[in-house]
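Undergrad:
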Amino acid sequence: MIRKEEISYNFIQKEPQTGSYQGMRYYLTKKGDQLSATVYPDKFCYVKTPEEQKVTREFPNTPESMPELIRWLNEQHEKGRY
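Oh and the sequence shown: position 20 is 19 in numbering that gives the first Met the number 0, straight run, nothing missing.
1) Please return the same chain residues whose Cβ sits closer than 8 Å to the Cβ of K3, not counting the five positions on each side in sequence.
2) Have a look at G22, P40, K42 and P62 and flag the residue whose alpha-carbon is nearest the alpha-carbon of N9.
3) Based on Cα-Cα distance, which residue from Q12, N60 and K53 lies nearest to D41?
4) By a C-beta neighbour count over all protein chains shown, 10 Å radius and 16 as the cutoff for buried, is M0 buried or exposed?
5) Which first and last residues belong to the beta strand (DSSP E) in which M65 is found?
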């Protein structure tokens with residue numbers, strides 16, 4: 000399970016944060032007033048992974064949206080959507 004201690008809202012404000020969990024990689028980045036979260040298979044890096052293998056969702060760019068973002072990442076892992 001991905002925990003809140005593993006993801007930093009302040010870090011994402013400065014540059015993308017990447018990570019992995021049991022075969023699923025994630026890429027988190029700031030896009031204006033949104034946070035973009037993408038999950039993809041653990042085969043390749045973000046840039047080399049084909050777009051059709053990525054699943055992305057946008058969240059409001061606020062610290063309060065972080066629990067929802069983390070919940071979504073864990074749901075994607077449970078459903079095998081990566």
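For every residue, glycine included, the Cβ atom is placed at its ideal position computed from N, Cα and C.
Predicted model only: the values in this text are computed from it and were never measured.
TA: Quick answer:
1) If you number the sequence shown from 1, residue 3 lands on position 4. Counting only Cβ-Cβ distances below 8 Å, and skipping sequence neighbours, we find M65, P66 and I69.
2) Along the sequence shown, one-based indexing puts residue 9 at 10. Looking at the Cα atoms, P62 is the closest of the given residues.
3) Here the question's residue 41 lines up with position 42 in the sequence shown. Closest by alpha carbon: K53.
4) Here residue 0 refers to the residue found at position 1 when the sequence shown is read from its first residue. Classification for M0: exposed.
5) Locating residue 65 in the sequence shown gives position 66, counting from the first residue. M65 -> not in any beta strand (DSSP E); alpha helix (DSSP H) instead, spanning M65 to K78.
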